[in-house]
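*Asks:* Numbering (this note's numbering), first residue to last: 20 to 322.
All C-beta atoms, glycine included, are put in the ideal place defined by N, C-alpha and C.
Note that the coordinates shown come from a computational prediction; the quantities given were computed from them, not determined experimentally.
This is the structure I want to talk about, given as structure tokens.
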Amino acid sequence: MDEIFQALASRIADLRAIAQLRTPHPPDSITNDPLFISLSRTVESLEKRVAKMSAAVAQEKEALLQQPSLRQTLEEQRQDLEHMLANMPKHLPRSQRPHVTAAPEKPRERREDRENGKTREKDDDRASVEPIVGRAGGVRPVLGSHNALGSSAASSPAGTPRNAVSAKPPPKKPKLNMVIGPITVTEFDSLAKYQVGRLTRDKINDIIAEFSSLVADKYTFMKIPPAKMTKNQRDLFWEHKKVATPETTGKAFVTEKDVKDKDLFSKSTFRLDPSGRSVIAIVRHLGRLKEVRGGGHTRLVIL
């Protein structure tokens, strides 16, 4: 009973306080007081902020509950990265660039050609008005005079035909492939035991890298003007020009003699010793290189 009396007394006290705040005249009500309105807006703003903070705290609590699984995932990723770093291969395959096809001609270019043709026709009409000498020595213009073949007497400006098509830039020459990609694990496993011998995959890729360096140095050397070369270098330069065949057109290649005389243009350590010849045979088997024989030379052509 005491609790009920106490609750009733508290409710009655609240009702008395509310009754004191109320006024019979609405304009005199405290709710119309500017200070009360400002305080009410401030309280509403604080309530919204508190609600946002409560939601953020709830999200953080949920995130803390997921922390053990997230930490385990990060630990697994760290172990994977450490394993990859410890087993990083010495040679990585090159990225394949997407082939970009040429865009078709736009109709705008054809319209420009037609406009240019009309301009040239107007010039031809003006040029066809030529003065000729009459019997009495007088000079009179003749419009659209033609010769016996029926062609216009005056040619178009600068000798350009009327229906000439705008000149297109010459196509760019494709870049030579002077690099042989390293052998992957799958390719290495597919090789026969007699082809590999005692060579490891890293050793094979090291020799391939030296061979690619030799080819790149050879073509860098070929860009030097012959006047700046020594006699031996000029002999090598002209010999390279002579040994080129239709099968080597558009492809990078070196000859066995280039490998022997590599000290003239390269610091590569590639040699045609048993290991080097084994690697050449492996790369040829994988379809990345071919041998072209003829004229007393063996050409190693990169595909």
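So what's Lys194 in DSSP terms, helix, strand or just coil?
*Replies:* Locating residue 194 in the sequence shown gives position 175, where the first residue counts as 1. Correct three-state label for Lys194: coil.
*Asks:* Would you give the residue range spanned by the alpha helix (DSSP H) that Leu218 belongs to?
*Replies:* Here the question's residue 218 lines up with position 199 in the sequence shown. Unbroken run through Leu218: none, as it is neither H nor E.
*Asks:* Pairs of beta-carbons, one from the stretch 213–221 and one from the stretch 273–291, closer than 8 Å: are there three or more?
*Replies:* With a cut-off of 8 Å, the stretch 273–291 and the stretch 213–221 do not count as touching, because too few Cβ pairs lie within range.
*Asks:* What are the uninterrupted segments assigned as alpha helix (DSSP H) that are 4 or more residues long and contained completely in the stretch 196–267, given in chain order?
*Replies:* If we require 4 residues or more, the alpha helix (DSSP H) runs fully inside the stretch 196–267 come out as 204–209, 212–215, 220–241 and 250–262.
*Asks:* Taking DSSP as the reference, what is the three-state secondary structure of Leu308?
*Replies:* On the sequence shown, position 289 is the one that residue 308 refers to. Here Leu308 sits in strand by DSSP.
*Asks:* In whole angstroms, give me the CA-to-CA distance for Ile23 and Leu89.
*Replies:* To locate residue 23, count along the sequence shown from 1; it is residue 4. To locate residue 89, count along the sequence shown from 1; it is residue 70. Roughly 53 Å separates the two Cα atoms.
*Asks:* I'd like the list of long-range same chain contacts for Ile226, defined as Cβ closer than 7 Å, with 5 residues on each side in sequence excluded.
*Replies:* As a position in the sequence shown, residue 226 is number 207, starting the count at 1. Closer than 7 Å at Cβ, skipping near neighbours: Phe289, Ser294, Gly295 and Val298.
*Asks:* Give the straight-line distance between the Cα atoms of His304 and Lys187, rounded to the nearest whole angstrom.
*Replies:* By 1-based counting over the sequence shown, the position of residue 304 is 285. By 1-based counting over the sequence shown, the position of residue 187 is 168. If you take the alpha carbons of His304 and Lys187, they lie about 42 Å apart.
*Asks:* Spell out the partners DSSP gives His316 in its beta bridges.
*Replies:* Counting from 1 along the sequence shown, the entry for residue 316 is found at position 297. DSSP, once it has assigned bridges, lists Gly313 as partnering His316.
*Asks:* For Lys109, which of Tyr238, Met72, Pro201 and Asp208 has the nearest alpha-carbon?
*Replies:* Indexing the sequence shown from 1 puts residue 109 at position 90. When each option's Cα is compared against that of Lys109, the closest is Pro201.
*Asks:* Would you call Ile37 buried or exposed, if buried means 16 or more other Cβ atoms sit within 10 Å of its Cβ?
*Replies:* Numbered from 1 along the sequence shown, position 18 holds the residue referred to as residue 37. Flag for Ile37 reads exposed.
*Asks:* With a cut-off of 8 Å on the beta carbons, I'd call Asn196 and Ala271 a contact; round off their distance for me.
*Replies:* The residue labelled residue 196 in the question sits at position 177 within the sequence shown. The residue labelled residue 271 in the question sits at position 252 within the sequence shown. Yes, Asn196 and Ala271 are in contact; Cβ-Cβ is about 6 Å, under 8 Å.
*Asks:* Closest to Thr239 by CA distance: which of Leu93, Ser285 and Lys222 is it?
*Replies:* The sequence position of residue 239 within the sequence shown is 220, counting from 1. Minimum Cα distance to Thr239 is reached at Ser285.
*Asks:* Thinking just about the alpha-carbon of each residue, which of Asp282, Met248 and Pro265 is nearest to the one in Arg318?
*Replies:* In the sequence shown, counting from the first residue as 1, residue 318 sits at position 299. Ranking the options by Cα distance to Arg318, first place goes to Pro265.
*Asks:* Going by DSSP in three states, Thr288 sits in which element: helix, strand or coil?
*Replies:* Position 269 of the sequence shown, counted from the first residue, corresponds to residue 288. Thr288 falls in the coil class under three-state DSSP.
*Asks:* So, Thr268 versus Val311, is the Cβ gap smaller than 8 Å?
*Replies:* Mapped onto the sequence shown, residue 268 falls at position 249. Mapped onto the sequence shown, residue 311 falls at position 292. No.
*Asks:* In whole angstroms, what separates the C-alpha of Ala82 from that of Val62?
*Replies:* For this step, residue 82 is matched to residue 63 along the sequence shown. For this step, residue 62 is matched to residue 43 along the sequence shown. Their Cα atoms are separated by approximately 30 Å.
*Asks:* Can you find the residues in the same chain that come closer than 8 Å, C-beta to C-beta, to Ile199, ignoring five residues on each side of it along the sequence?
*Replies:* In the sequence shown, residue 199 corresponds to position 180, counting from 1. The residues are Ile227, Phe230, Ser231, Val302, Arg307, Leu308 and Ile321.
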